[in-house]
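Enquirer: Numbering (my numbering), first residue to last: 235 to 573.
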Amino acid sequence: MHSPQHAHRNAAGDSSLEAADDLYAGLDRASRRVWALFADWCAAADLPALPADSVTVAMFLAEHPAAAGTQRRRVGVINAAHRQVDLPQPGRSELVRDLLDAGRTARRERAAAAIANRIPQLPLTGSPGLFGRRDALLLVLATTLRFEQIARLRRDQVSAHADTLLIHLDGEEPHRIHLPITGVVAVYQRWLEVLGFLDSYPSTSMLAQWMDRGTDLTAHAAAARRDERPLLTPIDRWGHTPYLATALTGQSVAALVRAHLTGHAPTHERVRRQPQPPREVRAPIAVEEIVLDDGYYERGIRARADAHIAMSGVTDVLGDVEGRADRLLADLLAILEPD
C-alpha cells in the first residue's frame with residue numbers, strides 16, 4: 235500500500251509537494267489514515283485526490299460502504315484536506331450531501347415537485363410581474379441552496395449553461411440546478427430582463443407598463459451587469475425596488491418560500507396610475523390702463539431734489555454723534571482703568 239504522502243503526490247503531481255506538506259501538518263493521526271485510504275483509492279483509479287471533485291468523492295463512498303457516521307467522517311476529512319490548501323471542498327456539493335442523507339434527498343424531491351407546480355402560476359406582467367419573476371427564481375434556487383446562501387447570492391455568481399443553472403459559491407464546486415418540468419434558464423432570464431431594464435432606466439413603474447404592453451425585454455437581459463450587487467432584492471408594496479443595492483435577508487427568503495409552498499403567498503394588485511385632473515385654464519385678469527399726466531415726472535424730480543436738500547446736513551449730524559460717542563467711550567475707559 236502506498237504511504238499517504240506518496241499516494242497524495244501520485245494523485246496531485248510533483249507541483250503540489252508543498253501543498254501536501256501543508257495538508258499533513260494540519261491533519262491529526264486518525265484523519266491522516268482516512269486521507270491515506272482516499273488518496274490510495276484515487277491513485278489506483280487514476281483520479282486526482284487533490285483537488286478532487288464531487289463525483290470522485292461520490293464514487294469513493296460508493297466503493298467503500300460504511301455506516302452513515304463513518305461516511306460523514308470521511309467526507310469531513312476530505313473537505314478538511316482541501317480546506318488546508320485553499321481548494322473548494324468537494325464534500326459540500328449537493329451530490330455528496332444527498333448520498334449522506336437519504337431523507338434529505340426525499341425532502342428535496344418533494345419540495346422540487348411543489349416548486350415546479352407553483353412557478354407557472356406566478357404573474358409575469360405588470361407590477362405583479364416584478365414579484366412573480368423574482369419569486370420564481372427564488373423558488374428555483376431554493377431547490378438546491380440554503381436560504382442564507384440565496385440571500386447572499388450576487389449577480390456574478392450565477393450563469394446558465396444549456397438548460398442548467400450554475401451557482402458559483404465562494405470556496406465550493408458549482409451547484410447545478412435542473413428541473414425537468416420547469417425551464418430554470420428561462421426563469422433566470424426573465425429576472426435578468428428586470429435587472430437589465432432597471433440598470434438602464436431606474437423606474438419600476440415604466441418597466442411595469444412595458445411588461446403590460448408585451449414589449450420584448452430580451453435585450454435588457456443581455457445588457458444586465460454581472461457584478462457584486464445582490465441578485466435578489468426587496469420589492470415594496472407599490473412595486474418599487476431599493477434605489478441602492480439591497481439584499482433580501484435569509485428570514486425574508488425563508489418566509490417567501492414557505493408562503494408559496496403553503497399557499498399563503500400574498501397577491502399583488504396592479505398599481506394603477508391615478509389620472510391627473512385637467513388643469514383649470516383661467517382667463518387673464520383685465521388690468522385697466524393707467525394714464526399718467528404730463529406733470530408726473532416733473533413732480534417726481536422735484537420731490538427728489540427737495541429730499542437731497544433736506545438731507546444735506548445728515549453727514550455733519552452723524553459725524554457729531556460719532557465724535558460724542560468717542561468722547562463718552564474715552565471717559566468710561568478713564569473711570570475703569572486703575573491709576
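Glycine included, every Cβ here is placed at the ideal spot set by N, Cα and C.
1) Helix, strand or coil for Leu399? Go by DSSP, reduced to three states.
2) Does DSSP classify Ser361 as helix, strand or coil?
3) Where do the N-terminal and C-terminal ends of the beta strand (DSSP E) with Ile569 fall, by residue?
4) Terminal residues of the continuous alpha helix (DSSP H) containing Ile535?
5) For Asn244, which residues in the same chain have their Cβ closer than 6 angstroms to its Cβ, ignoring the five residues on either side in sequence?
6) Which residues share a DSSP beta bridge with Ser393?
7) Does the Cβ-Cβ distance between Gly473 and Leu373 come in under 8 angstroms?
8) If we ignore side chains and look at the alpha-carbon of each, how far apart do Trp269 and Val311 end up?
9) How far does the beta strand (DSSP E) with Arg410 in it reach, from first residue to last?
10) Under DSSP, the alpha helix (DSSP H) around Tyr422 begins and ends at which residues?
11) Look at Leu333 and Ala273 and say whether their C-beta atoms are less than 8 angstroms apart.
12) DSSP state of Ala246, grouped into three classes?
13) Going by DSSP, name the residue or residues bridged to Pro464.
14) Could you check which residue in Trp425, Leu403, Tyr477 has the C-alpha nearest to that of Asp369?
15) I'd like to know if the region 444-463 and the region 384-392 are in contact, where contact means that at least 3 CB-CB pairs between them fall below 8 angstroms.
16) Once you ignore the five residues that flank Pro408 on each side, which residues in its own chain have a CB closer than 7 angstroms to its CB?
17) Whose C-beta lies closer than 6 angstroms to the C-beta of Ile384 among residues of the same chain, with five residues either side of it excluded?
18) By DSSP, does Gln323 sit in helix, in strand, or in coil?
19) Kindly indicate which three-state DSSP category Asp446 falls into: helix, strand or coil?
20) Ordered along the chain, which non-local residues of its own chain (more than five positions away) have a Cβ less than 6 angstroms from that of Leu387?
21) Spatial neighbours of Leu366 within its chain, please: C-beta separation below 7 angstroms, excluding the five flanking residues on both sides.
22) From Thr449 to Ile411, what distance separates their C-alpha atoms?
23) Can you give the Cα-Cα distance for Ala296 and His316, rounded to whole angstroms?
Expert: Per the coordinate set shown:
1) Your numbering for residue 399 matches position 165 in the sequence shown. If DSSP states are grouped into helix, strand and coil, Leu399 belongs with the strands.
2) By one-based count along the sequence shown, residue 361 stands at place 127. In the displayed model, Ser361 falls within a helix according to three-state DSSP.
3) Here the question's residue 569 lines up with position 335 in the sequence shown. Here Ile569 belongs to no beta strand (DSSP E); instead the alpha helix (DSSP H) covers 548-570.
4) Position 301 of the sequence shown, counted from the first residue, corresponds to residue 535. Where Ile535 is concerned, the enclosing alpha helix (DSSP H) stretches over 530-544.
5) Here residue 244 refers to the residue found at position 10 when the sequence shown is read from its first residue. Reliability of the predicted coordinates at Asn244 is poor, the pLDDT of 44 falling under 50, and the value obtained from them is presented with this limitation in mind. Ala277, listed in sequence order.
6) Counted from its first residue, the sequence shown places residue 393 at position 159. For Ser393, which the question treats as bridged, DSSP gives the partners Leu400.
7) As a first step, residue 473 is located in the sequence shown; it is residue number 239 there, counting from the start. As a first step, residue 373 is located in the sequence shown; it is residue number 139 there, counting from the start. Cβ atoms of Gly473 and Leu373: not closer than 8 angstroms.
8) For the purposes of this step, residue 269 is taken as the residue at position 35 of the sequence shown. For the purposes of this step, residue 311 is taken as the residue at position 77 of the sequence shown. Straight-line Cα distance between these residues: approximately 7 angstroms.
9) Within the sequence shown, residue 410 is the residue found at index 176, counting from 1. It spans 409-411 - the beta strand (DSSP E) in which Arg410 sits, taken as one unbroken run.
10) In the sequence shown, the residue the question calls residue 422 occupies position 188. Following the DSSP letters along the chain, one finds Tyr422 inside the alpha helix (DSSP H) bounded by residues 418-434.
11) For this step, residue 333 is matched to residue 99 along the sequence shown. For this step, residue 273 is matched to residue 39 along the sequence shown. At a Cβ-Cβ threshold of 8 angstroms, Leu333 and Ala273 do not count as neighbours.
12) Locating residue 246 in the sequence shown gives position 12, where the first residue counts as 1. Per-residue confidence for Ala246 stands at a pLDDT of 42, beneath the threshold of 50, marking its modelled position as unreliable; the derived number appears in the next sentence. Helix, per DSSP.
13) To locate residue 464, count along the sequence shown from 1; it is residue 230. According to DSSP, Pro464 bridges with Arg388.
14) For the purposes of this step, residue 369 is taken as the residue at position 135 of the sequence shown. With distances taken between Cα atoms, Asp369 lies closest to Trp425.
15) Between the region 444-463 and the region 384-392, the count of C-beta pairs closer than 8 angstroms reaches three or more; the two stretches touch.
16) One-based indexing of the sequence shown puts residue 408 at position 174. So the list reads Leu400, Ile401, His402, once near-sequence residues are dropped.
17) The residue you call residue 384 lines up with position 150 of the sequence shown. Once the five neighbours on either side are set aside, the close Cβ partners of Ile384 are Leu375, Val487.
18) Within the sequence shown, numbered from 1, the residue matching residue 323 stands at position 89. Residue state, collapsed to three classes: coil.
19) Along the sequence shown, one-based indexing puts residue 446 at 212. Here Asp446 carries a helix assignment [DSSP, helix/strand/coil].
20) What you label residue 387 is simply residue 153 of the sequence shown in a count that begins at 1. Close CB contacts of Leu387 within its chain, under the 6 angstroms cut and outside five residues either way in sequence, are with Leu465 (chain order).
21) Against the sequence shown, residue 366 aligns to sequence position 132. The residue asked about is misnamed: residue 366 is Gly in this sequence, not Leu. Here Gly366 has Leu356, Pro357, Leu358 as same chain residues with Cβ atoms under 7 angstroms from its own Cβ, once five neighbours each way along the sequence are excluded.
22) Start at 1 with the first residue of the sequence shown, and residue 449 comes out as number 215. Start at 1 with the first residue of the sequence shown, and residue 411 comes out as number 177. Roughly 29 angstroms between the two C-alpha positions.
23) Within the sequence shown, residue 296 is the residue found at index 62, counting from 1. Within the sequence shown, residue 316 is the residue found at index 82, counting from 1. Each residue's alpha carbon lies about 20 angstroms from the other.
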